[in-house]
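Mature numbering (1 follows the signal peptide of the UniProt record, and there is no 0) puts the sequence shown at residues -27 to -1, 1 to 396. The beta carbon of each residue, even a glycine, is placed where N, CA and C say it ideally should be.
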Amino acid sequence: MSSARRLARALMAVSTFLRAPWGVSLAVKATINARPRPPGASTWSGYHRSSSCGGRGVTAVRQRAVATGSGEAAVLSEPVDVRVEDASKSAAEGVEVSQREVLSREAWMARAEAHRKRVRSLTNGSVHHDKSDPIFNFLFEYYHFKPRMLLQWTPGFDAYLLDADPSLKGCPLPQKAWESGPGAGGSYNPFGLDNNRRVQVQWMRDLLQATTSRAPVLHCFGLHEWAMLYRPRGAEEAGIDARSVHQTLPLRVSQDEINAMVEGRGGALACTHFDAFRFFTPEAKPLNPVQLERVGQRSNDQPGCVHANMDLFKWALRLWPLLPSEKLANALELAVSCRMLDMRASPYDLTAHGKVPDTVVGRGGGRVGGLPPEAWDPTPVRIETEEGRKEYQQAQAELYQRSMPVRRSLMRHMDRLLDVWGR
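In structure tokens, the structure reads:
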């Protein structure tokens, strides 16, 4: 078979592959082999690697068939990226287009590089940090993920990448759930993950829906960090150490001041998030109005909670690599800002970390106008004072407003993924 004929067949295969609706399984003759779908799966067509695809560097995503002198069909292509928004215009022109996003090598490499730069900016220039760092090390250790995941880029499960091979050294694409297809490219197969992922995503979706349905609670003042250090009189003799096993930072206030705050001097405890409550000292837990449990998380989480908003990064990680990396970076940026406020309102002295910036920083301690995180302001939000509590409330309200678009975006993506899985 001539090279021109092989190229034409490869391009036709790409076109057919990308036009396939989620609920249709196609067999592209002599070009690709249909991958067996899991039992009960009716919404994804996946394929093994083609052994007769065209060569590398195929970037055409618009194709149309024309007749040749021999009476056989050939394919003419236009080297452009086709997106969903191009469909109506191209259909009017008689050009066949995909209903899924298609990216040439140049396009997806540019997005991968932009993502890498953004992540490095968000993580203070590196994804590896000192174990004592109260911001970044906490996020990396608490959420148990491999830092290199942040630097890799994925378009999610409903895009097709041309001229892409994650197995090649230096490729910024993750190999997990990758499915090769025609055009020397491929996509991320939602059925390429373990079967437990569907149950996990449904649980996350239900949690975020329940959280979104509630009004934000904005009067907790970040007292959870203080409750983790609560030690009433007499506890020292009982062998209870007030210092947190999770932090080695010095304190900026006395133990008596910590005790007074937890006991209600600055407002009663009002924690709604189990993963903060579970680290309270045994003496502090009874002071919370609700004795939180894991099984009740869906009934208690609310969108004003700094920790619940920080957890959006955790749920984004659970969707990887089926979630576009840009959405993961959005959740990471929010999580960094949440953790900054968390620490600034704590009893800890942060002067050895961060740097008071020359530029004004957001009240939540986050970035303003691209301000790099190494300039985050370690100045405490003194919730032990009335002025400090007002400052915390305003910062918490701003984080709540920032969290809602991120939360809704994750929910929409989960819905699409669950639809592909057939719920």
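On the CB-based measure, 16 or more other CB atoms within 10 Å of its CB, does residue i come out buried or exposed?
i	result
Asn282	buried
Asn169	exposed
His117	exposed
Met377	exposed
Lys300	buried
Leu390	buried
Ala83	exposed
Gln264	exposed
Asn131	The sequence shown places Asp at residue 131, rather than the Asn named in the question. So Asp131 counts as buried.
Ala308	buried
Pro255	exposed
Gly158	buried
Pro189	buried
Leu141	exposed
In this structure, does DSSP put residue i in helix, strand or coil?
i	result
Glu152	strand
Ser160	strand
Tyr203	coil
Tyr365	helix
Ala(-18)	Any reading at Ala(-18) must be qualified, since the residue scores a pLDDT of 49, below 50, and its modelled position is unreliable; the value itself is stated next. The answer is helix: DSSP assigns Ala(-18) an H, G or I state.
Val263	coil
Asp229	helix
Arg381	helix
Leu296	coil
Trp288	helix
His326	coil
Asp179	helix
Thr254	coil
Thr96	coil
Gly(-5)	Because Gly(-5) carries a pLDDT of 31, less than 50, the predicted location of this residue cannot be relied on, and no value is offered for it.
Gly240	coil
Ala249	helix
Ser310	helix
Lys90	helix
Ala188	coil
Val354	coil
Phe109	helix
His197	helix
Whole angstroms is fine: what's the gap from residue i's alpha carbon to residue j's?
i	j	result
Trp176	Leu372	24 angstroms
Leu196	Leu290	27 angstroms
Ser298	Thr127	5 angstroms
Glu360	Glu266	33 angstroms
Asp322	Ser310	18 angstroms
Lys363	Trp293	37 angstroms
Glu86	Leu383	23 angstroms
Arg380	Leu124	22 angstroms
Val354	Leu314	8 angstroms
Ala304	Gln228	35 angstroms
Ile231	Tyr365	17 angstroms
Gly395	Pro276	29 angstroms
Ser77	Arg89	18 angstroms
Gly240	Leu180	28 angstroms
Asp106	Glu236	29 angstroms
Leu224	Thr185	35 angstroms
Leu135	Glu79	9 angstroms
Phe114	Ala318	Sequence check: residue 114 is Glu here, not Phe. Approximately 21 angstroms between the Cα atoms of the pair.
Pro205	Phe253	13 angstroms
Asp248	Gly156	46 angstroms
Ala203	Leu260	First, the residue type needs correcting, since residue 203 is Tyr and not Ala in the sequence shown. Cα-Cα distance, rounded: 11 angstroms.
Leu295	Gly154	17 angstroms
Gln369	Pro320	17 angstroms
Arg93	Met234	37 angstroms
His226	Met201	According to the sequence displayed, residue 226 carries Val and not His. Near 14 angstroms, if we compare the C-alpha coordinates of Met201 and Val226.
Asp274	Trp288	14 angstroms
What does residue i pair with, by DSSP beta-bridge criteria?
i	result
Val75	Tyr133
Leu224	Tyr321
For the candidate residues the options, whose alpha-carbon lies nearest to that of residue i?
i	options	result
Met122	Lys149, Phe111 and Ile108	Lys149
Asp392	Trp293, Val174 and Ser186	Val174
Met387	Pro351, Asn261, Ala302 and Arg171	Arg171
Glu152	Cys144, Pro163 and Tyr203	Pro163
Arg375	Leu296, Val279 and Glu256	Val279
Pro120	Gly129, Lys142 and Pro147	Pro147
Leu242	Arg251, Lys258, Phe252 and Asp248	Lys258
Ala302	Leu95, Thr221 and Thr245	Leu95
His192	Ala233, Arg91, Asp167 and Cys244	Cys244
Leu285	Arg91, Leu112, Asn97 and Arg73	Leu112
Gly129	Arg93, Phe109 and Glu74	Glu74
Glu198	Thr324, Arg251, Pro189 and Arg385	Arg251
Thr358	Arg178, Phe194 and Tyr161	Phe194
Gly269	Ala183, Arg91, Trp349 and Pro351	Ala183
Hey, is residue i close to the ligand SAM, as in C-beta under 7 angstroms from one of its heavy atoms?
i	result
Phe130	The ligand content of the structure shown is nil, which means the ligand SAM is not present either.
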